[in-house]
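Following: one structure in structure tokens, then a few remarks.
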Amino acid sequence: MNGVTGRMGYRQHLVRSLLALREQGGLELGDGTVLWPEPILVGRSEQALRALAERHGLDRWSTRLDDVLADPSVDIYFDAQLTSARADALRRAIAAGKHVYCEKPTAADLDDALDVARLATAAGVKHGVVQDKLFLPGLRKLRRLLDGGFFGRVLSVRGEFGYWVFEGDWQAAQRPSWNYRTADGGGIVRDMFPHWEYVLRELFGPVRTVQAQVATHLPHRVNEHGRPYEATADDAAYGVFQLDGGIVAQINSSWAVRVDRPELVEFQVDGVEGSAVAGLRGCRVQHRSVTPRPVWNPDVPVAAPFREQWQEVPDNEVFDNGFKVQWELFLRHVVLDEPWRWDLLSGARGVQLAELGLRSSAEGRRLTVPELEL
Ligand SMILES: NC(=O)c1ccc[n+]([C@@H]2O[C@H](COP(=O)([O-])OP(=O)(O)OC[C@H]3O[C@@H](n4cnc5c(N)ncnc54)[C@H](O)[C@@H]3O)[C@@H](O)[C@H]2O)c1
Numbered sequence: 556m557n558g559v560t561g562r563m564g565y566r567q568h569l570v571r572s573l574l575a576l577r578e579q580g581g582l583e584l585g586d587g588t589v590l591w592p593e594p595i596l597v598g599r600s601e602q603a604l605r606a607l608a609e610r611h612g613l614d615r616w617s618t619r620l621d622d623v624l625a626d627p628s629v630d631i632y633f634d635a636q637l638t639s640a641r642a643d644a645l646r647r648a649i650a651a652g653k654h655v656y657c658e659k660p661t662a663a664d665l666d667d668a669l670d671v672a673r674l675a676t677a678a679g680v681k682h683g684v685v686q687d688k689l690f691l692p693g694l695r696k697l698r699r700l701l702d703g704g705f706f707g708r709v710l711s712v713r714g715e716f717g718y719w720v721f722e723g724d725w726q727a728a729q730r731p732s733w734n735y736r737t738a739d740g741g742g743i744v745r746d747m748f749p750h751w752e753y754v755l756r757e758l759f760g761p762v763r764t765v766q767a768q769v770a771t772h773l774p775h776r777v778n779e780h781g782r783p784y785e786a787t788a789d790d791a792a793y794g795v796f797q798l799d800g801g802i803v804a805q806i807n808s809s810w811a812v813r814v815d816r817p818e819l820v821e822f823q824v825d826g827v828e829g830s831a832v833a834g835l836r837g838c839r840v841q842h843r844s845v846t847p848r849p850v851w852n853p854d855v856p857v858a859a860p861f862r863e864q865w866q867e868v869p870d871n872e873v874f875d876n877g878f879k880v881q882w883e884l885f886l887r888h889v890v891l892d893e894p895w896r897w898d899l900l901s902g903a904r905g906v907q908l909a910e911l912g913l914r915s916s917a918e919g920r921r922l923t924v925p926e927l928e929l
């Protein structure tokens, strides 16, 4: 596991996924056997890795990726490093014959993303990319509504994602500074458009065109060491996506917005038969049969608050951590050859949409999203 000292690598992948799997006694494979993950922590700082290993009772760590990759007992290489370091490390792991699983975006640009997808496929190793949003309780409920035919014909999707990321001067920033430097693979488009690509594709249909306006609203920030730096990457993106079937999706992504909504991300879906608003955990609906009749009249105050006219979708099941659920599926894919569709080609689609989004903004026009092939 490379990049486990980072935010995602540590919290979501090591603690909430693999260590959680160990705490539950391993992964039952259904035939009486149990898969027991043995993580080897890989990173740049021996001190940080040792401290982490000790904290969790692990005994294997290394600052030398190639040594770990040369170990025949290692089956899977996982990568949650900063984006710009990913493709090179994936290539080394694939060359060593390891199965690979990694964070999104799978590479800093489309050429590299396609290259690693092709290399992994040619090498015959199993490969996957994290697409955690699909496993969020809120989006699982949305999926359930779609499967149950709640919406009838879906007309449009509007997504609102974002929160204020402090500039780092008088309050520390809650995201690493590389996120704001283009040279390090930063920028909200590269970060979030890969998520929007698979969320839209899996729930509503593939994205056929993209039109985006990006901005760097806060060009000056202060880094982890208290030093000012220029933010070269975009910190907000306003995107319009045309999907198959004429569905229009519009998604705002911003690290320069203050939150006035129940969750950090929300998607409103309007269909002929009903509408839904899904967040990370919650999902509320309004069916056509109970849709009120708003009348535009600024002279009278709103009689009944609109938010109260929606009904909460029940959980009806227990939702496990989404990263862990996807890890379990990947491990089953590797060991049992069970079906899996979130491969490096699907990761490349996310990188493609990010690239086209940035180009659309730079050129001031709407761009077609061609279907990718290996
Ligand atoms: N799936 C998601 O929802 C989600 C959310 C946030 C980030 N991510 C992705 O996860 C990856 C890691 O993001 P993060 O927020 O955990 O970042 P982070 O800065 O907290 O962690 C980065 C990791 O990369 C390592 N690293 C290797 N070379 C480095 C270098 N030259 N400079 C800095 N760090 C270096 C660090 O040691 C650290 O372990 C990114 O690719 C990001 O796009 C995914």
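One rule links them: number in the working numbering = place in the sequence shown (from 1) + 555.
Backbone N, C-alpha and C fix where the C-beta goes; we use that ideal spot for every residue, glycine too.
- Residue ranges of uninterrupted alpha helix (DSSP H) with 4 or more members, entirely inside the region 631–705 and ordered along the chain, are 641–650, 665–678, 692–702.
- Counting along the chain, S830 sits inside no alpha helix (DSSP H); it lies in the beta strand (DSSP E) bounded by residues 829–833.
- Note that the region 765–782 touches the region 918–928; at least 3 beta-carbon pairs, one per stretch, sit closer than 8 Å.
- According to the DSSP assignment, S808 belongs to the beta strand (DSSP E) that extends over 803–809.
- A contact between stretches requires three or more CB pairs, one per stretch, nearer than 8 Å, and the region 857–872 fails this requirement with the region 748–756.
- Nearest to R599 by C-alpha distance, out of H654, M556, T787, is M556.
- Per DSSP, H780 lies in no beta strand (DSSP E) segment and is marked neither H nor E.
- The DSSP-derived three-state label of L899 is helix.
- Relative to ligand 1, the nearest heavy atom lies less than 7 Å away from the CB of P731.
- With respect to E601, T618 sits close: the two C-beta atoms are nearer than 8 Å.
- Distances from the CA of S711 to each of A606, Q823, T787 were compared; the closest alpha carbon is that of Q823.
- Annotation for K879 indicates a beta carbon at 7 Å or more from all heavy atoms of ligand 1.
- Look at E658: its beta carbon is less than 7 Å from one of the heavy atoms in ligand 1.
- Rounded to whole angstroms, the gap between the alpha carbons of G558 and A644 is 11 Å.
- According to DSSP, residue pairing for G794 in a beta bridge involves A767, I806.
- Take the alpha-carbon of I631 and the one of V684: they are about 13 Å apart.
- Here the alpha carbons of R896 and Q726 stand approximately 41 Å from one another.
- Put simply, of I595, F716, A608 the residue whose alpha carbon is nearest the alpha carbon of V820 is F716.
- Boundaries of the alpha helix (DSSP H) harbouring G877: 877–891, taken from the DSSP string.
- In terms of Cβ geometry, G693 and V777 do not form a close pair [threshold 8 Å].
- Within the model, the alpha-carbon separation for F759 versus L927 is close to 18 Å.
- In this structure, D799 and H772 do not form a Cβ contact; the two beta carbons are roughly 32 Å apart against a cut-off of 8 Å.
- In terms of side-chain proximity, the C-beta atom of Q726 is found no nearer than 7 Å to any non-hydrogen atom of ligand 1.
- With a 10 Å radius around the Cβ and a threshold of 16 neighbouring Cβ atoms, N871 comes out exposed.
- In the three-state scheme derived from DSSP, where H, G and I count as helix and E and B as strand, W751 is classed as helix.
- Excluding residues up to 5 positions away in sequence, V765, L922, V924 lie with their Cβ nearer than 7 Å to the Cβ of L911 in the same chain.
- Contact annotation: A603 and T560 have beta-carbon atoms nearer than 8 Å.
- A direct Cα-Cα distance of roughly 26 Å separates T676 from W591.
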